[in-house]
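This report concerns only the one structure given below.
There are 2 protein chains.
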Amino acid sequence: MTYRVGVIGAGQLARMLTPVAVNLDIELKVFAEAEGASAKLATTVVGDYTDAEQVLEFARGVDVITFDHEHVPQPVLQRLVEAGVAVRPGPQALRFAQDKIEMRQKVAELGLGQPEWTRATTADEVQAFVDLHGGRAIVKTPRGGYDGHGVRLVSSGSEVADWLAAEVLDQVGGALLVEEAVDFRRELSQQVARRPSGEMRAWALAASEQVGGVCAEVIAPAPDTTDDVAEQARHIATTIAEAVEVTGALAVELFETNDGRVLVNELAMRPHNSGHWSMDGAVTGQFEQHLRAVLDLPLGDPEARQPVTVMVNVLGGHDGTEHEQALVRALAEVPQAKVHWYGKSYRPGRKMGHVNVTGFDLVETRDAARDAARALGSEVVDSLSV
Amino acid sequence: MTYRVGVIGAGQLARMLTPVAVNLDIELKVFAEAEGASAKLATTVVGDYTDAEQVLEFARGVDVITFDHEHVPQPVLQRLVEAGVAVRPGPQALRFAQDKIEMRQKVAELGLGQPEWTRATTADEVQAFVDLHGGRAIVKTPRGGYDGHGVRLVSSGSEVADWLAAEVLDQVGGALLVEEAVDFRRELSQQVARRPSGEMRAWALAASEQVGGVCAEVIAPAPDTTDDVAEQARHIATTIAEAVEVTGALAVELFETNDGRVLVNELAMRPHNSGHWSMDGAVTGQFEQHLRAVLDLPLGDPEARQPVTVMVNVLGGHDGTEHEQALVRALAEVPQAKVHWYGKSYRPGRKMGHVNVTGFDLVETRDAARDAARALGSEVVDSLSV
Numbered sequence: 002m003t004y005r006v007g008v009i010g011a012g013q014l015a016r017m018l019t020p021v022a023v024n025l026d027i028e029l030k031v032f033a034e035a036e037g038a039s040a041k042l043a044t045t046v047v048g049d050y051t052d053a054e055q056v057l058e059f060a061r062g063v064d065v066i067t068f069d070h071e072h073v074p075q076p077v078l079q080r081l082v083e084a085g086v087a088v089r090p091g092p093q094a095l096r097f098a099q100d101k102i103e104m105r106q107k108v109a110e111l112g113l114g115q116p117e118w119t120r121a122t123t124a125d126e127v128q129a130f131v132d133l134h135g136g137r138a139i140v141k142t143p144r145g146g147y148d149g150h151g152v153r154l155v156s157s158g159s160e161v162a163d164w165l166a167a168e169v170l171d172q173v174g175g176a177l178l179v180e181e182a183v184d185f186r187r188e189l190s191q192q193v194a195r196r197p198s199g200e201m202r203a204w205a206l207a208a209s210e211q212v213g214g215v216c217a218e219v220i221a222p223a224p225d226t227t228d229d230v231a232e233q234a235r236h237i238a239t240t241i242a243e244a245v246e247v248t249g250a251l252a253v254e255l256f257e258t259n260d261g262r263v264l265v266n267e268l269a270m271r272p273h274n275s276g277h278w279s280m281d282g283a284v285t286g287q288f289e290q291h292l293r294a295v296l297d298l299p300l301g302d303p304e305a306r307q308p309v310t311v312m313v314n315v316l317g318g319h320d321g322t323e324h325e326q327a328l329v330r331a332l333a334e335v336p337q338a339k340v341h342w343y344g345k346s347y348r349p350g351r352k353m354g355h356v357n358v359t360g361f362d363l364v365e366t367r368d369a370a371r372d373a374a375r376a377l378g379s380e381v382v383d384s385l386s387v
Numbered sequence: 002m003t004y005r006v007g008v009i010g011a012g013q014l015a016r017m018l019t020p021v022a023v024n025l026d027i028e029l030k031v032f033a034e035a036e037g038a039s040a041k042l043a044t045t046v047v048g049d050y051t052d053a054e055q056v057l058e059f060a061r062g063v064d065v066i067t068f069d070h071e072h073v074p075q076p077v078l079q080r081l082v083e084a085g086v087a088v089r090p091g092p093q094a095l096r097f098a099q100d101k102i103e104m105r106q107k108v109a110e111l112g113l114g115q116p117e118w119t120r121a122t123t124a125d126e127v128q129a130f131v132d133l134h135g136g137r138a139i140v141k142t143p144r145g146g147y148d149g150h151g152v153r154l155v156s157s158g159s160e161v162a163d164w165l166a167a168e169v170l171d172q173v174g175g176a177l178l179v180e181e182a183v184d185f186r187r188e189l190s191q192q193v194a195r196r197p198s199g200e201m202r203a204w205a206l207a208a209s210e211q212v213g214g215v216c217a218e219v220i221a222p223a224p225d226t227t228d229d230v231a232e233q234a235r236h237i238a239t240t241i242a243e244a245v246e247v248t249g250a251l252a253v254e255l256f257e258t259n260d261g262r263v264l265v266n267e268l269a270m271r272p273h274n275s276g277h278w279s280m281d282g283a284v285t286g287q288f289e290q291h292l293r294a295v296l297d298l299p300l301g302d303p304e305a306r307q308p309v310t311v312m313v314n315v316l317g318g319h320d321g322t323e324h325e326q327a328l329v330r331a332l333a334e335v336p337q338a339k340v341h342w343y344g345k346s347y348r349p350g351r352k353m354g355h356v357n358v359t360g361f362d363l364v365e366t367r368d369a370a371r372d373a374a375r376a377l378g379s380e381v382v383d384s385l386s387v
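Structure follows, in structure tokens:
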């Protein structure tokens, strides 16, 4: 008998579960939206994840259902649970990754640090918050956003008039989330994994840099981190994981303020871009740990293998023969680079793959990872801070 | 366009190419002897590798042909080359991994250290060699042996009478290889990878221990190794790789004698059990490097990630539910263990999987790897030396 894991969604996150599934002899099945998805190497069923009957049929062939994305509607999740399917993370946890207003309410209830926020259904309400917070605010659609989609920095309520139209508002959760534009020193990410029996393991705190709202570079462990900041980050992630009984990987994206406070930005309950470094930089990477956690297997050691790991996303790049030439350049220039390529067709700025480099010296390691990503055609490397 | 690699054979070596093929977005196809092989996750064609037409048909769908084993007959290999197929390693190299007498002749010609040896077709010839070498000798069938099969320690020519029967002799290469039973300090393995353009990279020298003729444990780098021994090993492997123009991974199994000489024992021209440590212990593991080499891509950094890596084979073990229970024990007891499971059905002593542990302290690391292999049901861990 082999463990069988079903993954809803077949993007690069599902794809990156396949190597560790091979190592541990776990059978992986993916429920894809279309043929030819990034995770096409796993056994693939094509279907509609908003259709409970189709998902239920898929679930019958596996021991546990987990996710490549957080878009499966609550009624579908509930239906699976009622049918006795092991859904990990479960709907009671996933709702806080699916709806940013519910997340803000839960974080408040848990007494954890976060930006000031409110919910708004009119431009006047947005404007009132803007006026109270230095003339600007971040407005987010609570549901359905990702990678900077559904997020705007505004200085007036009228800038989100389109989202306030009744038919749009209804789709994104019934109200907009309005947040204080935090003046942060940097963005951090604390990842933990938790299994149903309660065991939890935390990876090193990572520092991430976004370009155009999209994760571009991650350094782990986060350099120049005080014990107090590390402790706050760890406390926030473990508190949330326990409170909502997350199973699998949880990434808490955080702001570190200039005065040393740590505030919750977003939650993701699945392997996350800010944890790709651990594939090569930790004894147990996030994809292996996620599979172990959702199968309720003992968790692995998340310890870093080397003093520093830098992950650089390849955003944009090339297709076809040009990609092959770029790959040759990257491998030749940076022999220590671990290249992870997602097998997706090119679009400007699209996440085509990422590069990990581990080492001893932060600057050398970071430059090597950036060189490899640049050789692979990443369009944003030169926008990263020095 | 994606690189496409065809692998003849679908055992665990082909299987372990799949994770790195996913990472680099290389399409892997395997040519299996039967359905349900260890590498079943790759695209699989079932056929007979001794049938040139079938292999040629398989080769038409890929950019390069490589191997999970060394049993493809020379006429089939030649036929592929004549048809313009990229065969890596090529027949001119593979013959020295396929026929141990040809290998001995080549090693002699290259002036590299090896045990004394002769070829024999009669019991009297074996006996004469035994008499001259302290009353014992190792007799090997030059072709078709593996993992201790086709190897006997004898003290009389009559002990290989069955192999000297004309119909057997004909199958194993026309003569037996008779070797001095070397009084060695330990067994070593030097692995290198070479690409068609000539670039070559060497991994750390590894020390291996066999139980019952089967590799049971590998430590890398080999502890307590003099610079001179390391230099001899490196010289032997690179000399052979260049002389016969190996492409892909080459493992040279070696004896280190008590007086510090390094002698060639066997050659393998593919990923090899003595190199499994590098999957987790080196920046570039042997499976990734083999794919890069046969595709003539720039080779990766083979540097060790940590001071010591220990690989312990799981020989024997369990099936089904008992395997699941054993896996839970192994993961719980050794959270830093990297378990590689081959998905094969149980037979006593069969290579079911292996465990890698990397660390700083040799004894701790070795004990952890052994504990995990023992928990997984390996039947030989307690036979290893202390």
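Read top to bottom, the protein sequences are chains R and Z.
Take any residue in the first sequence, note its place counting from 1, add 1, and you have its number in the working numbering.
Take any residue in the second sequence, note its place counting from 1, add 1, and you have its number in the working numbering.
Even glycine gets a Cβ: it sits at the ideal position worked out from N, Cα and C.
Chain Z contact residues for residue i, given Cβ-Cβ distances below 8 Å
| i | result |
| --- | --- |
| V340(R) | N24, L25 |
Alpha-carbon spacing of residue i relative to residue j, whole angstroms
| i | j | result |
| --- | --- | --- |
| V215(R) | G317(Z) | 48 Å |
| L1(R) | Q233(R) | For chain R, the structure presents residues 2 to 387; residue 1(R) sits outside this window and is missing. |
| V364(R) | M312(R) | 13 Å |
| Q13(R) | G37(R) | 12 Å |
| A22(R) | L29(R) | 7 Å |
| R348(Z) | F361(R) | 44 Å |
| K107(R) | A238(R) | 13 Å |
| P197(Z) | R186(Z) | 35 Å |
| H341(R) | V329(R) | 14 Å |
| R137(R) | A182(R) | 7 Å |
| T227(Z) | H324(Z) | 41 Å |
| G199(Z) | E210(Z) | 31 Å |
| E103(R) | G145(R) | 14 Å |
| A369(Z) | V358(Z) | 7 Å |
| G378(R) | D281(Z) | 28 Å |
Per-residue contacts from residue i into chain Z (C-beta, under 7 Å)
| i | result |
| --- | --- |
| G318(R) | Under the 7 Å cutoff, chain Z gives no residues; its nearest Cβ is about 12 Å from G318(R). |
| V329(R) | L298, P299 |
Within-8 Å CB hit, residue i to chain Z
| i | result |
| --- | --- |
| V315(R) | no |
| L298(R) | yes |
| T19(R) | yes |
| G344(R) | yes |
| L42(R) | yes |
Minimum C-alpha distance to residue i - residue among the options
| i | options | result |
| --- | --- | --- |
| V56(R) | A43(R), W204(R), A33(R), S39(R) | A33(R) |
| R375(R) | G174(R), E218(R), D297(R) | E218(R) |
| G286(Z) | L296(Z), K41(Z), H273(Z) | H273(Z) |
| I1(R) | G151(R), A35(R), S39(R), E180(R) | Residue 1(R) is absent from the model: chain R starts at 2 and stops at 387. |
| V8(Z) | D69(Z), A327(Z), I27(Z) | D69(Z) |
| E117(Z) | A109(Z), A124(Z), T123(Z) | A109(Z) |
| T67(Z) | R89(Z), P76(Z), G151(Z) | R89(Z) |
Within chain R, partners of residue i - CB distance below 7 Å
| i | result |
| --- | --- |
| L251(Z) | By Cβ distance, chain R contributes nothing, its closest Cβ being about 19 Å from L251(Z), past 7 Å. |
| R16(Z) | V23 |
| A333(Z) | P299 |
Boundaries of the beta strand (DSSP E) in which residue i is found, first to last residue
| i | result |
| --- | --- |
| L154(R) | 152-155 |
| K352(Z) | 352-360 |
| G249(R) | 249-258 |
Residue i at chain R interface by Cβ criterion, 8 Å
| i | result |
| --- | --- |
| R306(Z) | yes |
| R187(Z) | no |
| L377(Z) | no |
| L292(Z) | no |
Interface residues of chain Z facing residue i [CB-CB closer than 9 Å]
| i | result |
| --- | --- |
| Q337(R) | V284, T285, G301, D302, E304 |
Endpoints, alpha helix (DSSP H) assigned at residue i
| i | result |
| --- | --- |
| R80(Z) | 75-83 |
| T322(Z) | 321-334 |
| T366(Z) | 363-376 |
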